[in-house]
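Enquirer: In my numbering, the protein residues as written are 1 to 171. Glycine included, C-beta positions come from ideal geometry on N, C-alpha and C. Before we start, here is the structure in question, set down as structure tokens.
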């Protein structure tokens, strides 16, 4: 028996609707049929435990991973991982993947005509501390082309198996 609290799905009415007609891009991205409930497996509830020993010294500093300095405005991204009860979750692997200052990802499938920066790979990782906090030193990414519009500087941040995007305000 585990002393960890069980994972609970959000209660009905606590999350925004998937489809919001006034926001046109949801018309093509929202499910048109009812969602199928799939019970979580034990590994999704408990997950693996990642130790700090697998993280290298400069993994969370995307500006210091190469001999030269990357182009772009230096910024710090930080956050805190909390469980559904609002308690900090220590030892969670957090990964970041982002475009460079010109808006191009260092990936073979990124066909954007912006230049690559030889001093910026755009990936990093760290482990949350005892209070659930994490931090990355990086650069502000340039806008990337989207399917229907240009996306503002965005990062993909993965926390365990959940992932999302962090958007920067327009300064």
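Pick helix, strand or coil for residue 74, following the three-state DSSP scheme.
Expert: In the structure shown, residue 74 sits in a strand (DSSP, three-state: E or B).
Enquirer: Starting from the Cα of residue 81, find the closest Cα among 71, 75, 93 and give me that residue.
Expert: Ranking the options by Cα distance to residue 81, first place goes to 93.
Enquirer: Does the contact criterion of 3 or more C-beta pairs under 8 Å hold for the segment 29-41 versus the segment 88-104?
Expert: Segments in contact, no.
Enquirer: Relative to the C-alpha of residue 104, which candidate in 83, 142, 118, 130 has its C-alpha closest?
Expert: Minimum Cα distance to residue 104 is reached at 142.
Enquirer: Just to confirm my understanding: we take residue 171, look at its own chain, exclude 5 residues before and 5 after, and list those with CB closer than 6 Å. What are they?
Expert: Bear in mind that the predicted position of residue 171 carries a pLDDT of just 42, short of 50, making it too unreliable to give a figure here.
Enquirer: Would you mind giving the Cβ-Cβ distance between residue 135 and residue 60, rounded to the nearest angstrom? I have them listed as a contact below 8 Å.
Expert: The pair is a contact, with the Cβ atoms about 6 Å apart (cut-off 8 Å).
Enquirer: State the Cα-Cα distance for the pair residue 17 and residue 68, rounded to the nearest angstrom.
Expert: The straight-line gap from Cα to Cα measures roughly 45 Å.
Enquirer: Throw me the rounded Cβ distance for the residue 132 and residue 90 pair, which I believe falls under 8 Å.
Expert: About 6 Å; that satisfies the 8 Å criterion.
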